[in-house]
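One structure is given below, encoded as structure tokens.
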Amino acid sequence: MRGELIEEARRQATICNACRYCESYCSVFPALHEQRSLADMDIVQLANLCHNCRGCYYACQYTTPHEFNINLPNALAEVRRDSWEEFAWPTPLARAFHRKAWPSILVIMIGFTLIFGIAKLFGDLSGNDFYQVLSHSLMISIFLPAFVFPFIALSLSLRRYWKSVGGKPIKAKDIIATFRQVATMKDLAAGHGQGCNFEDEDKFSQARRYAHQAIMYGFLLCFASTTSGTILHYVFDIPAPYPLFSIPKLLGVPGGILMVLGCAYMIVLKKRSNPNIGDPGAWNGDLAFIALLGLVAFTGLALWVGANTALTAWLLIIHLATVFALFISAPYSKMAHGFYRLMALIRDAQRID
Amino acid sequence: MVDISEFQNIDIAIIGGGNAALCAAMTAAEHGAKVCILESAPKPFRGGNSRHTRNFRCMHQTPLGPLEGQYLADEYFDDLMKVTDGKTDESLARMTIEESEACFSWLRARGVHFQKALSGTLSLSRTNAFFMGGGKSLVNAFYRYSEAAGVRVLYNANVQTLDLDGQSVRSVSFKYENETHVIKPKAVIVAAGGFQSNIEWLEEAWGSGARNFIIRGTKYNRGRVLKNLLDQGVNQTGDPTQCHAIAVDGRAPQFDGGIVTRLDCVPFSVVVNKKAKRFYDEGEDVWPKRYAIWGRLIAEQPDQEAVSIIDSQAYELFLPSVFPPEKAHTIGELADKLGMPKQKLEKTIADFNAACGDLSGFHPTELDGVRTTGLTPAKTNWARPIEKPPFYAYSLKTGITFTYLGLKVDRNAQCSNAIGPIENLWAAGETMAGSILGQGYLAGFGMTIGTVFGRIAGAEAANYAR
Ligand SMILES: Cc1cc2nc3c(=O)[nH]c(=O)nc-3n(C[C@H](O)[C@H](O)[C@H](O)COP(=O)(O)OP(=O)(O)OC[C@H]3O[C@@H](n4cnc5c(N)ncnc54)[C@H](O)[C@@H]3O)c2cc1C
Ligand code: SF4
Ligand code: SF4
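One line per chain: the protein sequences are A and V, in this order. According to this note's numbering, the first sequence holds residues 1 to 353 in order. According to this note's numbering, the second sequence holds residues 1001 to 1466 in order.
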């Protein structure tokens, strides 16, 4: 962990601890005020609790040009990203994905080359049914490792996080409390429920919260769609493609639309926001990640619309390349943030307990 | 670039950009007047002392938002009489108290959110409504609301003079970007705070010691308009030595350190001046009731400085400070670090420790009557020996919150001179608070005065301008 980032966050948190005006904005302050002095890992836990709603920035009487120079959302965002980079293995890969856009583009290209090559060698690029292009077993042989590897890598990172912040054995009620908060993104709503300060300075707005939830629920629907497809395939022996009125499509199509809209809106909002109150160093990496998420959903929808046409093979390869890129980079990209947030909230639920 | 000519055909010019000014602006705009705010601070520092506040004191007959139980007008008034020693204008005070209840929902409708009393301030949970995010978020909400209602806001606009002609203000002149501009609004509301940031003026009242004072709030409240109006014979209230002053951390910045520089350690400590001498009963009452006398007590000490000393037993008993205390393993070492006469400090602490008695009743949150015997001045509560190292020392200085000398107003917030009311001049907030408070202060009453009188002034001025 980079000492100077933690030191700066601690300096600011000490001022907050003597002030306490922001106490009811989010989960960070009650946790902060509980301690008189904050150890390094306390700061890391606080950083992961912060959702960068920016309420405390605009409410703060001590922001620059005041000599106390408070910008807590920024200080915590930098510690937070640094912690994700440090907990990831290998760290340089995480640094690249968080800070730059090119790694995301590169993995899409790698995915494309890989899948195109395999389809070319073993499949039929002129086929207009996607198992003609790439058989189901070939897909599984690409995506099983592309799913298992990031899963293991991320689990190890989260375990390190959990140990570092002094997590205790997790109880059901910790998880229930956490999911209740995540389901509504309470920490992006300020204590009064009117949203966060993002795209228009100190104006409270639900825009970012709604965009975030569209992406999150969209992603979960798509994930459920894929899972249901796998079950239909293996358990009921019903292979894809599925008609519109089937479980995978009823989940996947709205999910895909939500994700596309959510990602597009999030990019618009982000461009209107002030980068310096977030983590300016992660600006490009974040935008690339949102674009990748949107692209996964968009190409998925395009594949559905363009099924059984001459374009099928290309649409499939492009879609699978983006999915590959999303999964393989998950332990290093912003994708990891959701899991760290969950752990931080569970840890906080244990604190309140 | 702001086009100053837009300010020429304004109905009401409001001088200042804090709570009182904004309450007046919102009210006047809602009454249909064309209003401008002239705020001397740049945008990041807009909102004067109001941006440092955390609550306002609110009467309520039933539970109201986060306010528990009830807080009736008579109790409120009694509280006020206690802290001001009866030096209160009863009619204005009672009116302010009566109006405070309606302020709650009025503020809420203009974007202010309330929260439960902050941790460490539970004694105020029934009487004071806390702003979520503090005063700056209140100020932000008001600026948004005002601008949406058509109020013109000019930052960096430093009002210099008001041209008074008989019973009427003719014009207002202000400096903006090194140029002087003159506008002729139909009515003027002064809400430009006290004069505490004008150290030379403070020196006139307090002597050169004033140079050692810390000004807790904005450096923009320099009393320029106040002085200009008093010079033109507008009626004054209060005297220049009256102000709200507390003990703050000696390392606080000279201006604008705000709430975080306060120290809550005094009741659990021994307080000595530079000469290592005690000078007042540190345990006279619970801290919220006493913290406002310590500003004055310290102002009377050599170099306007003091030090509060505790031992490790007391370290966790109060809210954490923003600057770390000086720490040492013996009192002598502490004296060296503080640059104090070593033997004297050792003796003062030893004498104090020897005067402590039965500690079994020690209770940090109540008046526990654990007192010294045979010591002058006595410590009458929480008197526990300073004996368990490490020892800690917090330096203390006088921190001025705001001054009371101001414009005298009537129930309509209107100013007057020897002849009678000035027909188009009103005042609200700190700049007229001395009309109600002769001395002393009740936590949260400053924002109540500003809100109540801001609203009155806004409505009166709008009616006049119509
Ligand atoms: C640290 C601190 C904490 C406080 N906490 C509380 C609290 O919790 N509750 C409470 O009730 N009170 C509190 N107070 C007192 C409270 O701040 C005041 O009573 C209240 O804010 C007064 O409001 P106002 O609008 O009159 O003055 P201010 O908010 O100070 O506004 C005065 C404005 O006038 C402007 N101005 C000054 N001169 C000129 C000029 N020549 N031309 C143009 N503009 C000018 C200033 O820039 C400023 O914007 C606190 C004060 C401080 C310092
Ligand atoms: S962010 Fe600023 S206003 Fe909020 S608690 Fe910290 S110091 Fe106080
Ligand atoms: S940015 Fe929002 S979530 Fe983060 S500490 Fe500030 S108020 Fe809390």
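For glycine and all other residues, C-beta sits at the position ideal for the given N, C-alpha and C.
Could you list which residues in chain V have their beta carbon closer than 8 Å to that of Ala31/A, in chain order? The contacting residues do not exist; Ala31/A stays about 12 Å from chain V at best.
Of the residues Leu1064/V, Glu1090/V, Gly1065/V and Asp1085/V, which one's Cα is nearest the Cα of Asp1074/V? Checking every option, the nearest Cα to that of Asp1074/V belongs to Glu1090/V.
Please identify, using Cβ separations under 9 Å, the residues of the segment 1104-1119 of chain V that lie next to chain A, in order along the chain. For the segment 1104-1119 of chain V, the residues whose beta carbon sits under 9 Å from a beta carbon of chain A are, in order, Gly1111, His1113, Phe1114, Gln1115, Lys1116, Leu1118 and Ser1119.
Answer with buried or exposed for Ser369/A, where buried requires no fewer than 16 other C-beta atoms within 10 angstroms of its C-beta. In the structure displayed, chain A extends from 1 to 353; residue 369/A sits before or after that span and is not available.
Starting from the Cα of Tyr1441/V, find the closest Cα among Ala1093/V, Arg1051/V, Ile1012/V and Leu1038/V and give me that residue. Measuring from the Cα of Tyr1441/V, the nearest candidate turns out to be Ala1093/V.
Tell me, to the nearest whole angstrom, how far the beta carbon of Ala1024/V is from that of Ile1189/V; I am working on the premise that it is less than 8 Å. Confirmed, about 5 Å.
Measuring alpha carbon to alpha carbon, tell me which of Pro243/A, Thr312/A, Thr230/A and Lys334/A ends up nearest Leu292/A. Just measuring C-alpha positions, the residue of Pro243/A, Thr312/A, Thr230/A and Lys334/A sitting nearest Leu292/A is Lys334/A.
Assigned exposure category for Lys1275/V - 16 Cβ within 10 Å defines buried: Around the Cβ of Lys1275/V, a 10 Å sphere holds fewer than 16 other Cβ atoms; the residue is exposed.
Roughly how many angstroms separate the alpha carbons of His319/A and Ala282/A, rounded to a whole number? Each residue's Cα considered, the two are about 26 Å apart.
Does the Cβ-Cβ distance between Asn128/A and Asn308/A come in under 9 Å? Yes, the Cβ-Cβ distance between Asn128/A and Asn308/A is below 9 Å.
Beta strand (DSSP E) containing Val1225/V: first to last residue? Per DSSP, Val1225/V lies in no beta strand (DSSP E); the unbroken alpha helix (DSSP H) holding it starts and ends at Arg1224 to Asp1231.
Gln1061/V beta carbon near ligand 1 (any heavy atom closer than 8 Å): For ligand 1, not one heavy atom lies less than 8 Å from the Cβ of Gln1061/V.
Between which two residues does the beta strand (DSSP E) harbouring Glu1468/V extend? Beyond the ends of chain V as shown, which are 1001 and 1466, falls residue 1468/V; an answer cannot be given.
Which residues in chain A have a C-beta closer than 7 Å to the C-beta of Asn1140/V? List them in chain order. Residues of chain A whose Cβ lies closer than 7 Å to the Cβ of Asn1140/V are, in chain order, Tyr58 and Asp202.
Rounded to the nearest angstrom, what separates Ala1350/V and Gln1343/V at their Cα positions? Ala1350/V and Gln1343/V: Cα-Cα distance of roughly 10 Å.
heavy atom of ligand 2 below 8 Å from Lys1184/V C-beta: Checking every heavy atom of ligand 2 against the Cβ of Lys1184/V, none is found closer than 8 Å.
Could you check if Ser141/A is buried or exposed, using at least 16 other CB atoms within 10 Å of its CB as the buried criterion? Flag for Ser141/A reads exposed.
Proximity test, Arg1051/V beta-carbon vs ligand 1 heavy atom, cut-off 8 Å: Yes, since a heavy atom of ligand 1 falls inside the 8 Å radius drawn around the Cβ of Arg1051/V.
For Val1260/V, is the beta carbon positioned less than 8 Å from some heavy atom of ligand 2? Because some heavy atom of ligand 2 lies under 8 Å away, the Cβ of Val1260/V counts as near it: yes.
Excluding the 5 residues preceding and the 5 following Asn1417/V in the sequence, name in chain order all residues of the same chain whose CB lies nearer than 7 Å to its CB. Taken in chain order, the residues that qualify are Gly1233, Val1234 and Asn1235.
Kindly confirm or deny that the segment 292-305 of chain A and the segment 261-275 of chain A touch, where touching means at least three C-beta pairs closer than 8 Å. Using a Cβ-Cβ distance cut-off of 8 Å, the segment 292-305 of chain A and the segment 261-275 of chain A are in contact, since at least three pairs of beta carbons, one from each stretch, lie closer than that value.
Which residues in chain A sit within 7 Å of Arg1051/V, going by Cβ to Cβ distance? Neighbours of Arg1051/V on chain A, chain order: Gln61.
I'd like to confirm something about His359/A: is its beta-carbon nearer than 8 Å to some heavy atom of ligand 3, or not? Residue 359/A lies beyond the residue range present for chain A, which begins at 1 and ends at 353; the question has no answer from this structure.
Just to confirm my understanding: we take Pro1063/V, look at its own chain, exclude 5 residues before and 5 after, and list those with CB closer than 7 Å. What are they? If we look at Pro1063/V and ignore the five residues flanking it on each side, its Cβ neighbours are Gly1069.
Could you tell me whether any non-hydrogen atom of ligand 2 is closer than 8 Å to the CB of Cys60/A? Cys60/A Cβ: within cutoff of ligand 2.
According to DSSP, residues forming a beta bridge with Trp1426/V: DSSP, once it has assigned bridges, lists Ile1189/V and Gln1414/V as partnering Trp1426/V.
Rounded Cβ spacing between His192/A and His1113/V (contact assumed at less than 8 Å): With 8 Å as the limit, His192/A and His1113/V qualify as a contact, their Cβ atoms being about 4 Å apart.
Is there a Cβ of chain V sitting closer than 9 Å to that of His51/A, yes or no? Not one chain V Cβ lies under 9 Å of His51/A.
For Cys196/A, decide whether its Cβ has a neighbour in chain V, counting only Cβ atoms nearer than 9 Å. Contacts with chain V at 9 Å (Cβ-Cβ) do not include Cys196/A.
By a C-beta neighbour count over all protein chains shown, 10 Å radius and 16 as the cutoff for buried, is His33/A buried or exposed? Counting the other CB atoms within 10 Å of its CB gives His33/A a total of 16 or more, which places it among the buried residues.
If you drop the 5 nearest sequence neighbours on each side, which residues of the same chain put their C-beta closer than 6 Å to that of Ile1015/V? Beyond the five residues adjoining it in sequence on each side, Ile1015/V comes within less than 6 Å, by CB distance, of Leu1038, Val1159, Val1190, Ala1192 and Val1225 in the same chain, given in chain order.
Rounded separation between Leu106/A and Gly285/A - CA only: If you take the alpha carbons of Leu106/A and Gly285/A, they lie about 13 Å apart.
Within the same chain, show all residues whose beta-carbon is closer than 6 Å to that of Val1153/V, passing over the 5 residues directly before and after it, in chain order. Apart from sequence neighbours up to five positions away, the residues of its chain that approach Val1153/V with a beta-carbon distance below 6 Å are Ile1037, ordered along the chain.
Residues in the segment 11-40 of chain A having any Cβ partner in chain V nearer than 7 Å: Contact annotation: in the segment 11-40 of chain A, residues whose CB is within less than 7 Å of a CB in chain V are Thr14, Ile15, Asn17, Ala18, Cys19, Arg20, Tyr21, Cys22, Glu23, Ser24, Tyr25, His33 and Arg36.
Leaving aside the five residues before and after Gly278/A along the sequence, list all residues of the same chain whose C-beta is less than 6 Å from its C-beta, in chain order. Hits under 6 Å: Asn52 and Ala77.
Shorter than 8 Å, the distance from the beta carbon of Lys1275/V to the closest heavy atom of ligand 2, or not? False, no ligand heavy atom lies under 8 Å from that Cβ.
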